[in-house]
Amino acid sequence: MTASSIKSSFSNAATSGEATGAACRTVFPVRDYNLAATLASGQTFRWRPCEGGWEGIVGSRWVRLRSGADSILAETAAPGGDWRWLAEYLQVEQDLAQVLATFPEDEPMRAAVAACRGLRLLRQDPWECLASFICSSTKQIVQIQQIVALLCERFGEPVRIPRGSGAAFAFPSVERIAAAGEAELRACKMGFRAPNLCAAARKIADGEIDLRRLATRSAEAARAELMLLPGVGAKIADCVLLFACGFPAAFPVDVWVRKALRRLYFPRRQVTPKRLQEFTAAHFGPYAGYAQQYLFHYARVHAKLKK
DNA sequence: AACCAGGACACAA
DNA sequence: TTGTGTCATGGT
């Protein structure tokens, strides 16, 4: 499907949602899209399950998503006919089969893909992604979700919600976080990560780094620039490149992916970090980041890999 | 009750 | 280059 057909087919689809109170809804035709796995796979932290679907905030909009047969049903609280922002966020135009075809043909990769059909990568807002992952270090996903929720409740602007829903807030702006004190941030249970988030927000607010420009640069340059921010090392920089800046070859290696790589590709062999880095850079191809997400999921759901 | 979590960093060897 | 301690907090 082309970008222009997306625009036209989704821009006229708005109807009223009497039953749910949602003001606006549409349908995205998609194939091989595992919504639950995608929204709960640790790349984003603001979605929570509701009856038969998921509720979350994208930018400054409340959204409810539901899986249909070869489709995703979407509802928002605010009227408006243009759905490109959500099509972009969900990456509904991404042909997953084309991505999977670039993966190496080895047994570990086959097993990881088979374990989670339809797992996708989203295209997130760079600041929300960066800030969330600054808070993520040595935290479990449920804790990251709680930290991000507290940040939004305390510093985010309220967003329009459908009747019957609880209050919802946008992710706080760079300026609002930059203005917050370290103590206020610590109160969101982020511990030693608070000064990093605070200082990173100030650098961005001061214009030292332009997050929106990262996508226009080379992956190497964007990565180096991200790593100038306090609390941002190779792993978190790669997360932002992959989840927000559109660099599908970025390959964040966290404890789970490291376990999976060692266990699946280097059984009973000592592998130095450098060697592992060289392997991932050479082995997984132009969509290595997608491969990484499958390995991450695979490692987390298969107890044999947990060790 | 220990152990660990989508790490980064300074520092030693 | 690779290893180690430290940082806060809470889940399992």
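For the record, in the first sequence the residue sitting at position 42 is 23 according to my numbering, with numbers rising by one throughout.
In this text, a Cβ means the ideal position worked out from N, Cα and C, and glycines have one as well.
Fully contained in the segment 146 to 186 are the following alpha helix (DSSP H) runs of length 4 or more, in chain order: 155 to 160, 163 to 166 and 175 to 186. Between G212 and R239, the C-beta spacing is not below 8 Å. In chain order, I38, S41, R42, W43, A58, A149, F150 and A151 place their CB closer than 8 Å to the CB of V140, counting only its own chain and leaving out the 5 sequence neighbours on each side.
Here G137 is buried, its C-beta having at least 16 other C-beta atoms within 10 Å.
With respect to W108, V155 sits close: the two C-beta atoms are nearer than 8 Å. Setting aside the 5 residues that flank it on each side, G33 is surrounded in the same chain by R47, each with a C-beta closer than 8 Å to its C-beta; the list follows chain order. Cβ-Cβ distances below 6 Å link G23 to I122 in the same chain, with the five nearest sequence neighbours on each side left out; the list follows chain order. When A168, Y246 and A231 are compared, the shortest CA-CA separation from A92 is found for Y246.
When the Cα atoms are used, A164 and A4 turn out to be separated by approximately 39 Å.
Collapsing the DSSP output to three states places V11 in coil.
Classified as exposed, P30 has fewer than 16 neighbouring CB atoms from the shown chains inside 10 Å of its CB.
When C-alpha distances from T83 are compared across G270, A280, L54 and Y279, the shortest belongs to G270.
Within a 10 Å sphere around the beta-carbon of T119 sit fewer than 16 other beta-carbons, which makes this residue exposed. Beta-bridge partners assigned by DSSP to V44: G37 and T57.
For R27, the closest of D51, Y14 and V129 by C-alpha to C-alpha distance is V129.
With 16 or more neighbouring CB atoms inside 10 Å of its own CB, D235 falls in the buried class.
Using a Cβ distance threshold of 8 Å, C110 and Y275 do not count as a contacting pair. In the DSSP assignment, C31 falls outside any alpha helix (DSSP H) and within the unbroken beta strand (DSSP E) covering R29 to C31. The beta carbon of A241 lies closer than 7 Å to those of L276, Y279, A280 and L286 in the same chain, with the five residues before and after it left out. When the five nearest sequence neighbours on each side are left out, the beta carbons in the same chain lying within less than 6 Å of the beta carbon of S117 are those of I125, in order along the chain. In this structure, the CA atom of R198 is about 29 Å from the CA atom of A21.
For G270, the three-state secondary structure derived from DSSP is helix. Rounded to whole angstroms, the Cβ separation of P89 and H264 is 10 Å, and the two are not in contact under 8 Å. P107 sits in a helix when the DSSP states are folded into three classes. According to DSSP, residue pairing for C5 in a beta bridge involves T57. Distances from the CA of R104 to each of V94, S52, Q75 and L131 were compared; the closest alpha carbon is that of Q75.
Counting along the chain, C220 sits inside the alpha helix (DSSP H) bounded by residues A215 to F224.
Short of 8 Å from the beta carbon of D51, and not among the five residues preceding or following it, lie these beta carbons of its own chain, in chain order: P10, V11 and R12. When secondary structure is reduced to three states using DSSP, S113 falls in the helix class.
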